Each structure stands twice: as C-alpha cells, then as structure tokens.
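Trainee:
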Amino acid sequence: MTMVDRQGLASEPGAAVAAPAALPRHVAIIMDGNGRWAKQRGLPRIEGHRRGVDALRRTLRAAREIGIEIVTVYSFSSENWSRPATEVSALMGLLKRFIRNDLAELHEAGVRVRIAGDRDSLEPDIRLLLTEAEALTKANTRQTLIVAFNYGSRQEIAAAARALAAEVARGERTVDSITPEAIEARLATAGVPDPDLVIRTSGEMRLSNFLMWQSAYAELVFQPILWPDYGREALVEALAEYGRRERRYGGLGSVGA
Ligand code: FPP
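Here it is as structure tokens:
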C-alpha cells in the first residue's frame with residue numbers, strides 16, 4: 003500500500019522516512035469549558051473567557067506552524083444571548099480586543115479573516131471592526147480564519163432557504179434548481195471546503211448548532227481538556243486522532259476490500 007499525504011507525497015510503508023499522516027485542510031473548534039475552568043479556580047467566568055482568548059492565540063499560532071489551511075472557531079453562538087448581560091458584554095469586549103490586538107499579527111502571518119454569523123444585532127462599532135478585519139486581510143492566502151460570532155447553524159440554513167425562496171418568487175430560479183450546491187453557496191462558509199475535523203473541548207459531545215450542514219462528513223474529536231488549557235500539544239493530539247480515522251464518505255473504504 004502506498005500512503006499519500008495531502009501534498010501528494012508518496013511513500014511505501016517501511017520506507018526510511020514515513021509520509022506524515024494526512025492533515026485535515028479545515029479544522030473547526032468548539033472552544034468549550036471556559037466557565038468550568040474559572041469555577042475550578044474560584045474565579046469569575048469572565049476570567050475563563052479571557053484565558054480562552056490566550057488559548058485561541060496559542061492554538062492559531064500552532065495551527066499556522068503545522069500548516070492547517072482553514073481554522074473555524076465558535077466564539078459566540080446565537081443562543082449565548084441568554085447568558086447574563088455582564089457575560090455577554092464581556093464576550094463582545096473580548097472580540098473587540100482580539101481584533102484590535104491580534105489583527106496585525108494575523109495579517110502579517112498571511113491569515114485571511116472571515117466572520118460567520120448574524121451581524122445585524124451587533125453594536126455598530128463591532129460591525130465596523132469585523133468589516134475592517136475582513137477588508138484588510140482579504141487578499142491573504144496562507145490561512146483562513148473564520149470566526150463564528152453570533153452564529154447558529156439552523157439560522158444560517160434558514161437564511162439560505164429564505165434567499166433561495168426569494169429568488170424563486172422573483173422568477174430568477176426554478177424550484178428544481180435548489181440543490182445542495184445552491185444551498186452551500188448561500189452559507190456563511192460559501193467557497194470554503196467543509197471541515198474535515200471538528201474538535202470540541204471540555205468532554206461535552208455534541209455540535210450545539212455549529213456547522214451542522216458543513217460537518218456532514220467531518221471527523222469529530224472530543225477532548226476532555228478545558229479550553230483555557232488548550233494549545234499546541236492538545237491540537238497535535240487531535241490531529242493524531244484524525245490521522246488514525248478512516249474516512250469513507252458513505253462508501254465502503256477498506257472494510258469493503
Ligand atoms: C464556552 O465556554 C465558550 C464560549 C461560550 C465562548 C468562547 C469564547 C472564547 C474562547 C473567548 C472569546 C474569543 C473571541 C475571539 C471573542 P462556557 O462558558 O460554555 O464554559 P462552561 O461550559 O464550562 O460553562
């Protein structure tokens with residue numbers, strides 16, 4: 003058997019230098035456990051989120067060094083508005099600070115920043131920051147970072163359905179032309195390959211309205227570590243677990259051989 007990695011480098015098993023296990027192109031992360039991390043230390047939940055931003059910075063640096071092409075992070079869900087107002091406003095503040103403090107480093111490193119989620123209900127200053135971050139980095143090609151903020155998968159799919167229904171109503175398309183590709187083209191991730199690997203930290207095992215359409219064939223890796231403790235080592239472990247999985251996309255893979 004010849005093993006081929008993503009760059010198409012081939013090697014025979016037992017060769018002096020083994021080919022590296024396949025790397026996922028797109029890694030999506032549900033950064034969970036900030037509150038529990040803080041509680042374990044008798045700190046306010048917000049401190050857990052602050053340390054969560056440090057973990058995000060570490061993880062993004064490691065992902066760049068490892069050569070992950072696309073990283074999507076779940077930073078604020080459509081359902082997070084139900085948290086206490088102080089926590090919601092702290093999360094908004096952290097997003098602003100993250101963009102202000104980290105955008106220069108991301109831009110310099112060749113990262114294209116995209117935002118997924120509903121911006122209409124965000125404060126105008128945040129909306130402006132997000133638009134500026136996207137505009138500044140739009141020509142970068144080393145890595146794409148998608149920040150899912152005020153994001154929910156059901157809301158995203160419903161918005162795509164509304165847009166397509168409106169086109170049908172205007173006579174611009176037929177009902178039969180509504181295909182998976184037509185829906186995909188109207189999602190926040192349009193044009194971006196689907197996640198190969200979805201990681202969730204803190205031991206919870208669910209998707210929580212995150213990239214549900216896009217994750218149809220993703221490998222899911224659940225790690226017990228709380229998000230503020232995350233970094234290179236935990237990411238490498240998740241990538242190693244991904245490398246051990248066999249992806250079959252509905253086919254038989256090696257079980258049919
Ligand atoms: C889940 O932890 C985490 C969130 C709801 C927010 C994730 C946010 C960050 C990592 C920091 C913000 C980053 C940016 C870019 C704004 P939880 O509060 O649900 O933890 P718990 O389940 O232990 O209570």
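In case it helps, the numbering used here puts the sequence shown at residues 3 to 259.
From the three backbone atoms N, C-alpha and C, an ideal C-beta is built for every residue, glycine too.
Keep in mind it's a predicted model, so treat the numbers as computed, not measured.
Considering only the beta carbon of each residue, do Trp83 and Val75 sit closer than 8 Å?
Mentor: Against a cut-off of 8 Å, the Cβ pair of Val75 and Trp83 comes out as no contact.
Trainee: Hey, is Trp83 close to the ligand FPP, as in C-beta under 7 Å from one of its heavy atoms?
Mentor: No.
Trainee: For Ser256, is the classification buried or exposed, using 16 other Cβ atoms within 10 angstroms of its Cβ as the cut-off for buried?
Mentor: Classification for Ser256: exposed.
Trainee: To which residues does DSSP link Leu147 through a beta bridge?
Mentor: Bridge partners of Leu147: Val73, Val115.
Trainee: Anyone know if the C-beta pair for Leu132 and Ile148 falls short of 8 Å?
Mentor: No, the Cβ-Cβ distance between Leu132 and Ile148 is not below 8 Å.
Trainee: Is Arg38 near the ligand FPP, judged by its Cβ being under 7 Å from some heavy atom?
Mentor: Correct: Arg38 has its Cβ closer than 7 Å to the ligand FPP.
Trainee: Would a check of beta-carbon distances place Asp198 closer than 8 Å to chain C?
Mentor: The structure shown contains no chain C; it is built from a single protein chain.
Trainee: Measure the beta-carbon distance from Ala57 to Asp231 and round it to whole angstroms, keeping in mind my assumption that it falls under 8 Å.
Mentor: Going by Cβ atoms, the distance from Ala57 to Asp231 rounds to 7 Å, so yes, they are a contact pair.
Trainee: Please tell me whether, using a cut-off of 7 Å, the distance from the CB of His109 to the nearest non-hydrogen atom of the ligand FPP is below it.
Mentor: No, the ligand FPP has no heavy atom inside 7 Å of this Cβ.
Trainee: Where does Ser79 sit, in a helix, a strand or coil, going by DSSP?
Mentor: Strand, per DSSP.
Trainee: Name the DSSP beta bridge partners of Arg2, please?
Mentor: The displayed coordinates of the chain run from 3 to 259. Any statement about residue 2 would go beyond what the structure contains.
Trainee: According to DSSP, simplified to helix, strand and coil, what is Tyr152?
Mentor: The amino acid at residue 152 is misidentified as Tyr; the sequence shows Asn. In the structure shown, Asn152 sits in a strand (DSSP, three-state: E or B).
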